[in-house]
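Right, one structure below, let's go through it.
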Amino acid sequence: MAVKWTPDLSVGVKHIDDQHKIWFEKANGLFEAGKARKAKEYINTMIDFLDEYTKQHFRDEEAYMEKIGYPEIEAQRKAHASFIENLTKLKSEYNESGGNILVIINANNMVVDWLSNHIRKMDKKIGEYAKTLGEIEK
Ligand SMILES: [Fe+2]
Numbered sequence: 001m002a003v004k005w006t007p008d009l010s011v012g013v014k015h016i017d018d019q020h021k022i023w024f025e026k027a028n029g030l031f032e033a034g035k036a037r038k039a040k041e042y043i044n045t046m047i048d049f050l051d052e053y054t055k056q057h058f059r060d061e062e063a064y065m066e067k068i069g070y071p072e073i074e075a076q077r078k079a080h081a082s083f084i085e086n087l088t089k090l091k092s093e094y095n096e097s098g099g100n101i102l103v104i105i106n107a108n109n110m111v112v113d114w115l116s117n118h119i120r121k122m123d124k125k126i127g128e129y130a131k132t133l134g135e136i137e138k
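The numbering used here puts the first residue of the sequence shown at 1, with every later residue one more than the last.
Structural data, given as structure tokens:
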């Protein structure tokens, strides 16, 4: 099944939502490549794209939290760091397995569930906090 951002994942801050949408597109690209059993080099490029984008997104999200003085920024930083660690592990497991595509296919749910839960449980609170400051972006 294709991985997609859905409106119930909206945190109410436009630039964060926009990045989350792109993140889902990149994750989808990786898993589609996995299902299509693309070559190892290609899969590695897709993992690198996802990894780079994830890091950029977390940096931007953390900068925004700093800007608005979000009180739970430390918990966010920790969650972000552990997710990045998981992506790094995924990449090494894939390469250590000699490019076993099952590693990628099996990681699909883990990666997407993690981010969806993180958005629902943690990122939405950023939007709620921003709202109390009148920080509404359109
Ligand atoms: Fe976050």
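For glycine and all other residues, C-beta sits at the position ideal for the given N, C-alpha and C.
Here the structure is a predicted model, which means the values were calculated and not measured.
Using the three-state DSSP reduction, which class does residue i fall into: helix, strand or coil?
{"i": "residue 42", "result": "helix"}
{"i": "residue 7", "result": "helix"}
{"i": "residue 108", "result": "helix"}
{"i": "residue 100", "result": "coil"}
{"i": "residue 2", "result": "coil"}
With respect to 7 Å, is the separation between the Cβ of residue i and the closest non-hydrogen atom of ligand 1 below this value?
{"i": "residue 122", "result": "yes"}
{"i": "residue 19", "result": "no"}
{"i": "residue 118", "result": "yes"}
{"i": "residue 61", "result": "yes"}
{"i": "residue 80", "result": "yes"}
{"i": "residue 56", "result": "no"}
What are the boundary residues of the alpha helix (DSSP H) that residue i is part of?
{"i": "residue 95", "result": "73-96"}
{"i": "residue 70", "result": "Taken as a continuous stretch (DSSP letters only), residue 70 belongs to no alpha helix (DSSP H), as it is neither H nor E."}
{"i": "residue 30", "result": "14-35"}
{"i": "residue 124", "result": "124-132"}
If residue i and residue j are in contact, beta carbons under 8 Å, what's the gap, nearest whole angstrom?
{"i": "residue 9", "j": "residue 116", "result": "7 Å"}
{"i": "residue 129", "j": "residue 68", "result": "7 Å"}
{"i": "residue 87", "j": "residue 54", "result": "6 Å"}
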